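Just so we're aligned: the sequence shown equals residues -6 to 251 in the working numbering.
Below is one structure; the comments refer to it alone.
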Amino acid sequence: MFWVPLLLLAWAIAGVAGLRLCRAAVREAAAGGEGEGRGLTLYEAAFLSGGPVRVADVTLVAMARQRRLLLAHTGWATVVDPCGRDDIERTVIGAIGPDGQSPIAPVRKAAAAAETVRALADRLVRAGLAVPEGDGRTVAEALRRTRLAAAAVAGLAAAALLVPTPSQMPRSLVALWFALPLVFTLGCLAIARFELSPASRWASPAGQRLLASVRRAAAGDPDDDRAYLTSVAVRGVRAAGGPQVRAAFAHREPHPEG
-6 MFWVPLLLLA
4 WAIAGVAGLR
14 LCRAAVREAA
24 AGGEGEGRGL
34 TLYEAAFLSG
44 GPVRVADVTL
54 VAMARQRRLL
64 LAHTGWATVV
74 DPCGRDDIER
84 TVIGAIGPDG
94 QSPIAPVRKA
104 AAAAETVRAL
114 ADRLVRAGLA
124 VPEGDGRTVA
134 EALRRTRLAA
144 AAVAGLAAAA
154 LLVPTPSQMP
164 RSLVALWFAL
174 PLVFTLGCLA
184 IARFELSPAS
194 RWASPAGQRL
204 LASVRRAAAG
214 DPDDDRAYLT
224 SVAVRGVRAA
234 GGPQVRAAFA
244 HREPHPEG
């Protein structure tokens, strides 16, 4: 009866994965009461849409739009006005450095890792709008573990069927027993697909609901600064209208030879 311990292990794996998925769904459905009744700032919308780097991107684009920063198609940023209007602008200017000029790529990286952006993320997490970094208890993580559980159950079933045993149990019946935990895990995934909001790396379900209204605002007049920057915040630099801006962010420094 070599297959019986494998079947028990398969059920244990499937059961734990299903329980974690249910708990994550309940936790995320209950989150967001504090922050759901308010609007999002431009930086908050950027973070929930694309994370810390998106915050740096929208700040660079906003300052360039106001001609307080120059973004060259060669991938360099040049400070025109060294006086930032808020903490994140001052963080970006500081990342550019005392010379007032720097390639954009390291500026984005340094600004995204700065304390001001981490503080923004912490506020969104406390409001229930952002996913805690490395939490491991979110729906997205639970779904990943449930997929792994389905693969593990299938592997255990294959092992039970391939290893010869003295049992008189027909292999078709053994396969049927293993089909039960496999159907359970696949059913959990199917229900999650239709009942839960799409998983986001940055925004919780409450944050995603607020982002939906922000995306509608981003569809406004592209000549309007607010609509333009909102579009960049929720869709990324690809939504920027000017080809020079897109070229500036797309530029990559050549790797030194040798």
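We put the beta carbon where it would ideally sit given N, CA and C, even for glycine.
Being a predicted model, the structure only gives us computed values, none of them experimental.
Neighbour-count burial assignment, residue i, 16 or more Cβ in a 10 Å radius
| i | result |
| --- | --- |
| Ser206 | exposed |
| Glu246 | The predicted model places Glu246 with a pLDDT of 47, which falls under 50 and marks its position as unreliable, so this point remains unresolved. |
| His248 | Only weak support exists for where His248 lies, its pLDDT of 40 falling under 50; the value from the coordinates is given anyway. By the 10 Å Cβ count, His248 comes out exposed. |
| Phe242 | buried |
| Leu272 | Given a span of -6 to 251 for the chain in the structure shown, any question on residue 272 remains unanswerable. |
| Asp50 | buried |
| Arg137 | exposed |
| Glu250 | Residue confidence is low: Glu250 scores 36 on pLDDT, short of 50, so the model does not pin down where it sits. Its coordinate-derived value is still stated next. So Glu250 counts as exposed. |
| Pro(-2) | exposed |
| Ser224 | buried |
| Leu0 | buried |
| Arg101 | buried |
| Phe(-5) | exposed |
| Glu108 | exposed |
Residue i - partner residues in DSSP beta bridges
| i | result |
| --- | --- |
| Trp170 | Per DSSP, none; premise fails for Trp170. |
| Ser95 | Ala70 |
| Leu63 | Thr71 |
| Ala123 | Ala196 |
Of the listed residues the options, nearest to residue i (C-alpha basis)
| i | options | result |
| --- | --- | --- |
| Ala10 | Arg239, Thr178, Gly235 | Thr178 |
| Leu63 | Ile97, Arg47, Gly43 | Ile97 |
| Val167 | Ala151, Ala18, Ala114, Arg137 | Ala151 |
| Cys76 | Gly90, Thr67, Arg61 | Arg61 |
| Leu12 | Ala135, Val227, Val156, Arg186 | Ala135 |
| Pro99 | Leu53, Asp74, Gln59, Leu173 | Leu53 |
| Leu169 | Ala104, Val110, Leu149, Leu182 | Leu149 |
| Ala18 | Gln237, Arg78, Cys181 | Cys181 |
| Arg116 | Ala185, Ala233, Thr34, Val156 | Thr34 |
Chain C contact for residue i (CB, 8 Å cutoff)
| i | result |
| --- | --- |
| Ala168 | The chain inventory of the structure shown lacks chain C, comprising one protein chain alone. |
Whole-Å CB distance - residue i paired with residue j, under 8 Å assumed
| i | j | result |
| --- | --- | --- |
| Ala70 | Ser95 | 6 Å |
| Ala133 | Ala196 | 11 Å between Cβ atoms; not a contact. |
Are the segment 138 to 147 and the segment 82 to 91 touching, with three or more C-beta to C-beta distances below 8 Å?
By the C-beta criterion, the segment 138 to 147 is judged not to be in contact with the segment 82 to 91, since fewer than 3 inter-stretch pairs fall below 8 Å.
Across the segment 36 to 45 and the segment 195 to 206, are there enough close Cβ pairs to call them in contact, namely three or more that are closer than 8 Å?
Yes, the segment 36 to 45 is in contact with the segment 195 to 206.
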